[in-house]
Amino acid sequence: EAGVAQSPRYKIIEKRQSVAFWCNPISGHATLYWYQQILGQGPKLLIQFQNNGVVDDSQLPKDRFSAERLKGVDSTLKIQPAKLEDSAVYLCASSLPQGAYEQYFGPGTRLTVT
Amino acid sequence: AQSVTQLDSHVSVSEGTPVLLRCNYSSSYSPSLFWYVQHPNKGLQLLLKYTSAATLVKGINGFEAEFKKSETSFHLTKPSAHMSDAAEYFCVLGSARQLTFGSGTQLTVLP
Chain U
10 EAGVAQSPRY KIIEKRQSVA FWCNPISGHA TLYWYQQILG QGPKLLIQFQ NNGVVDDSQL
70 PKDRFSAERL KGVDSTLKIQ PAKLEDSAVY LCASSLPQGA YEQYFGPGTR LTVT
Chain P
27 AQSVTQLDSH VSVSEGTPVL LRCNYSSSYS PSLFWYVQHP NKGLQLLLKY TSAATLVKGI
87 NGFEAEFKKS ETSFHLTKPS AHMSDAAEYF CVLGSARQLT FGSGTQLTVL P
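Protein chains in written order, with the working numbering: chain U, 10 to 123; chain P, 27 to 137.
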């Protein structure tokens, strides 16, 4: 079974630039999550999708972050414009609807904002 | 409020000696608790889970954890550490179909 795929693995941008991350979940997993993991901290949930609908985006900084999952499969997370404090690893995870606590994580995208 | 506290940010053990990673939780409801492991440049992997069945939970790679309601703890243990166990470990609380992560414990295994 293929795991959660993410790209790119690494990205370096300057502040005020924009960046996008892509995630392809495990086939059949209706629920998709984006997390932000700042160095030295645990992952923090940014947004949760069920199919192509948003379940929870309460911790997403909506002035600069956006995410979509148009066809209920893969997803894109965008930051525009980036700030220095956005430097982090962005993790994508997926799960079956009935297994929300058993999430499968991708390798993450390490973003450095200079 | 739901929260998880990992009591040690770094733990060092010698290969072959026991491992103890400590975790306390706070939850208004009967909690679902998990331990995840993160190896460098790899995704987070579920190590074990507690969901109100047996209080002693066995996971992969010889790890186990004991749920103690009276102490609000869910410590992770392994009888004998292996070099491949070196990684970051996260204690995680499941609530409202979401996961809340602790701040992590970096485990170093010395030869």
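Even glycine gets a Cβ: it sits at the ideal position worked out from N, Cα and C.
Backbone CA spacing between residue i and residue j [nearest angstrom]
i, j, result
"T131 of chain P", "Q71 of chain P", "15 Å"
"F89 of chain P", "N61 of chain U", "37 Å"
"A79 of chain P", "D72 of chain U", "43 Å"
"G128 of chain P", "V30 of chain P", "5 Å"
"D34 of chain P", "Q26 of chain U", "37 Å"
"I88 of chain U", "P66 of chain P", "25 Å"
"Q28 of chain P", "Y51 of chain P", "8 Å"
"R48 of chain P", "L74 of chain P", "15 Å"
"V37 of chain P", "R78 of chain U", "40 Å"
"H101 of chain P", "S96 of chain U", "31 Å"
"F93 of chain P", "V98 of chain U", "30 Å"
"V83 of chain P", "F60 of chain P", "10 Å"
"I56 of chain U", "I35 of chain U", "17 Å"
"S121 of chain P", "E41 of chain P", "35 Å"
Proximal residues to residue i (C-beta, below 7 Å), its chain only, five neighbours per side dropped
i, result
"E111 of chain U", "S104"
"P116 of chain U", "Q15, R18"
"F114 of chain U", "V13, L100, A102"
Closer than 7 Å: residue i CB and nearest the ligand GTP heavy atom
i, result
"L105 of chain U", "Among the ligands in the structure shown, none appear at all, so the ligand GTP cannot be discussed."
Sequence-distant residues of its chain with Cβ nearer than 8 Å to residue i (five each side left out)
i, result
"V39 of chain P", "V45, A107, L133, T134, V135, L136"
"G37 of chain U", "L105"
"P90 of chain U", "K24, R25, Q26, S27, R73"
Residue i burial status per 10 Å Cβ neighbour count (16 or more: buried)
i, result
"A11 of chain U", "exposed"
"T17 of chain P", "For chain P, the structure presents residues 27 to 137; residue 17 of chain P sits outside this window and is missing."
"Q32 of chain P", "buried"
"I13 of chain U", "As written in the sequence, residue 13 of chain U is Val, which differs from the Ile given in the question. Flag for V13 of chain U reads buried."
"T81 of chain P", "exposed"
"G49 of chain U", "exposed"
"Q45 of chain U", "buried"
Delimiting residues of the beta strand (DSSP E) encompassing residue i
i, result
"R119 of chain U", "118 to 122"
"L74 of chain P", "70 to 76"
"I56 of chain U", "53 to 59"
"E114 of chain P", "113 to 121"
"E77 of chain U", "74 to 77"
"H101 of chain P", "99 to 104"
"S40 of chain P", "36 to 40"
"F60 of chain P", "58 to 64"
"S16 of chain U", "14 to 16"
"Y44 of chain U", "40 to 46"
"A11 of chain U", "Segment: none, A11 of chain U is in no beta strand (DSSP E) and carries neither H nor E."
Spatial neighbours of residue i in its chain, beta-carbon cut-off 6 Å, leaving aside the 5 residues before and after
i, result
"L93 of chain U", "K24, V122"
"L86 of chain U", "F30, W43, A76"
"I21 of chain U", "T121"
"V63 of chain P", "Q71, L73, A113, Y115"
"F58 of chain U", "L41, R78"
Of the residues the options, the one placed nearest residue i, counting alpha carbons only
i, options, result
"Y76 of chain P", "P:V118, P:A112, P:A122", "P:V118"
"S99 of chain P", "P:P57, P:Y62, P:A27, P:N67", "P:P57"
"N87 of chain P", "P:K95, P:K94, P:S110", "P:S110"
"R123 of chain P", "P:L102, P:Q64, P:V83, P:Y55", "P:Y55"
"S84 of chain U", "U:Q68, U:V98, U:I47, U:A102", "U:A102"
"P52 of chain U", "U:P70, U:F58, U:Q107, U:L100", "U:L100"
"L69 of chain U", "U:G81, U:K80, U:L54", "U:L54"
"G85 of chain P", "P:E97, P:S96, P:G69, P:T103", "P:T103"
Contacts of residue i in chain B (Cβ-Cβ under 7 Å)
i, result
"D66 of chain U", "Checking the listed chains, one finds no chain B in this structure; the protein chains it contains are U and P."
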